[in-house]
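In what follows, a structure is listed as structure tokens, so that the remarks can point back to it.
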Amino acid sequence: MRPAIALIHLDRLRDNFEIVTSHAGHANIISVVKSNAYGHGLHIIAPELHRIGCRNFAVTEASEGARLRDILGPDCDITLLSGLFDSHDAELCGTFRLSPVVTEQLHIQWLRDNRFNGSVWLKVDTGMQRLGTTELKSLHAASQASGIGIAGIMSHLACADTPEHPLNRSQADAFSHLCSELPSATAASLLNSAGLIALPDQTLDFVRPGLALYGAEPVIAEPLGLKPVMEFTAQVMQVRDIEAGTPVSYGATFTANKNMRIALICTGYADGLPVSLSNNGFAEHDGALLPIIGRVCMDYCLLDCTEHPLQTGQRVSFWGGDILKPEQVAARINTIPYTLMTGVSDRVHREVVTNPG
Ligand SMILES: Cc1ncc(COP(=O)(O)O)c(C=O)c1O
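Per my numbering, residue 642 is the first one in the sequence shown, and the count goes up by one each step.
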């Protein structure tokens, strides 16, 4: 097997879930496990969260929800954050007991056509200009008239990772106003991971963390003490000495300025190692940081291991080890940790690390 491996640390997942719970007040946790549990493997993450007591999950759409139902069985609620794309999705919601968000009368029509008798989330936009209904009351009325239950009302924050941003409070106020248009017993959900930090008084009935469960700090300046669940690792394939003046990798974007020892690693951009780390990032081994030199290739990258000699067969990690945090690696290349996690491709083996607990 090609040893480009994402180690999935389930003990860290459990710790992160506990930390998130401690910031959630009386709210229930809806664990967001869309996009294959942010690249970690839905079949690995969801059963562990279920095992430690989580009973609410969210994915993007119906086929993902059906897969999750197969994995977890009947004893949990599954929300579809992007709702329905066609009538067949509505049928899947009935078959697999999924709760879609709805934003249009058409969604209710599809559900009615398929004799759906479960429940839906009413999704409102409160300032992000993304998914949300503009006809809350009539959507609520149409759902009820069709015998469809209301799981609750939800909205999503645009700037939660900047806690001081005024849009956070203005979205919370708008949400509170919209909630007051519905019967007072209607459950409400506003916060994602960063929202727990930005608006701690708005935990309401349900919170919807994703990123924090996977252990990237949603607000770097206000760390919660999370630990990365994924450690993105790969093995050393070759080590060689090169002389000063030797060019390295495609485009010869790196030239040795001294005699060097370099290591070839069996991971590249087709595994999810961003090309933007070329000449601009590190791998970690045994407490040492080794610069990535030259351009990251499809299947390989190269490290400068002059100061910290590596050997064939050793394993380095690109994030999620002791030093390199996913949010820091992401910031270095002007991206967000979500893209690192979800960018780890299918050909990378997910290896579960089970420490007791
Ligand atoms: C509607 C909704 N809720 C919750 C989340 C989870 O957000 P985060 O991963 O930032 O906690 C997302 C993620 O994109 C989302 O779209």
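Note that CB positions come from ideal geometry on N, CA and C, so glycine has one too.
Please determine whether the Cβ atom of residue i lies at a distance below 7 Å from any heavy atom of ligand 1.
i      : result
Pro859 : yes
Arg753 : no
Val661 : no
Arg849 : yes
Ser834 : yes
His926 : no
His781 : no
Val700 : no
Val673 : yes
Ala911 : no
His748 : no
His806 : no
His650 : no
Leu819 : no
His681 : no
His664 : no
Ala853 : yes
His691 : no
Leu722 : yes
His729 : no
His667 : no
Rounded to a whole number of angstroms, what is the C-alpha to C-alpha distance between residue i and residue j?
i      : j      : result
Pro950 : Lys966 : 23 Å
Asn996 : His650 : 8 Å
Thr896 : Ala792 : 60 Å
Thr894 : Ala972 : 22 Å
Gly714 : Thr736 : 13 Å
Asp730 : Leu865 : 37 Å
Gly706 : Ile934 : 42 Å
Leu721 : Leu943 : 41 Å
Ile861 : Gly788 : 45 Å
Gly856 : Asn921 : 23 Å
Leu831 : Cys907 : 42 Å
His748 : Gln843 : 28 Å
Gln952 : Val761 : 55 Å
Thr763 : Phe873 : Reading the sequence as shown, one finds Leu at residue 763 and not Thr. Distance between the alpha carbons of Leu763 and Phe873 is about 37 Å.
Cys820 : Ser779 : 14 Å
Ser740 : Ala783 : 16 Å
Pro688 : Trp751 : 31 Å
Met795 : Ala699 : 12 Å
Are residue i and residue j closer than 8 Å when you measure CB to CB?
i      : j      : result
Glu992 : Gly962 : no
Leu683 : Phe658 : no
Ile903 : Arg936 : no
Thr633 : Gly680 : The shown model of the chain, from 642 to 998, leaves out residue 633, and the question about it has no answer.
Val848 : Gly954 : no
Gln812 : Leu823 : no
Ile686 : Val674 : yes
Gly759 : Thr744 : no
Tyr941 : Leu981 : no
Asp846 : Ala665 : no
Ala826 : Pro644 : no
Leu837 : Val661 : yes
Pro869 : Arg653 : yes
Ala835 : Gly768 : no
Leu930 : Cys946 : no
Asn697 : Asp716 : no
Residue i: buried (16+ other C-beta within 10 angstroms of its C-beta) or exposed?
i      : result
Pro915 : buried
Ser663 : exposed
Met939 : exposed
Thr774 : buried
Asn809 : buried
Pro888 : exposed
Pro978 : buried
Met642 : exposed
Glu884 : exposed
Asn677 : buried
Glu858 : buried
Arg710 : buried
Of all Cβ atoms in chain B, is any one closer than 8 Å to the Cβ of residue i?
i      : result
Leu918 : Among the chains in the structure shown there is no chain B, since it carries only a single protein chain.
First and last residue of the beta strand (DSSP E) that includes residue i?
i      : result
Pro741 : 740-743
Ala699 : 697-700
Arg881 : 871-883
Ala911 : Neither: Ala911 is in no beta strand (DSSP E) and is coded neither H nor E.
Lys675 : Where Lys675 is concerned, there is no enclosing beta strand (DSSP E), although the alpha helix (DSSP H) it sits in stretches over 675-679.
At what residues does the alpha helix (DSSP H) containing residue i begin and finish?
i      : result
Ser704 : 703-713
Thr980 : 978-983
Glu732 : 728-736
Arg991 : Where Arg991 is concerned, there is no enclosing alpha helix (DSSP H), although the beta strand (DSSP E) it sits in stretches over 990-994.
Ile660 : 651-663
Ser834 : 834-839
Pro807 : 807-820
Ser784 : 777-786
Ala853 : 852-855
Asp754 : 746-754
His684 : 683-692
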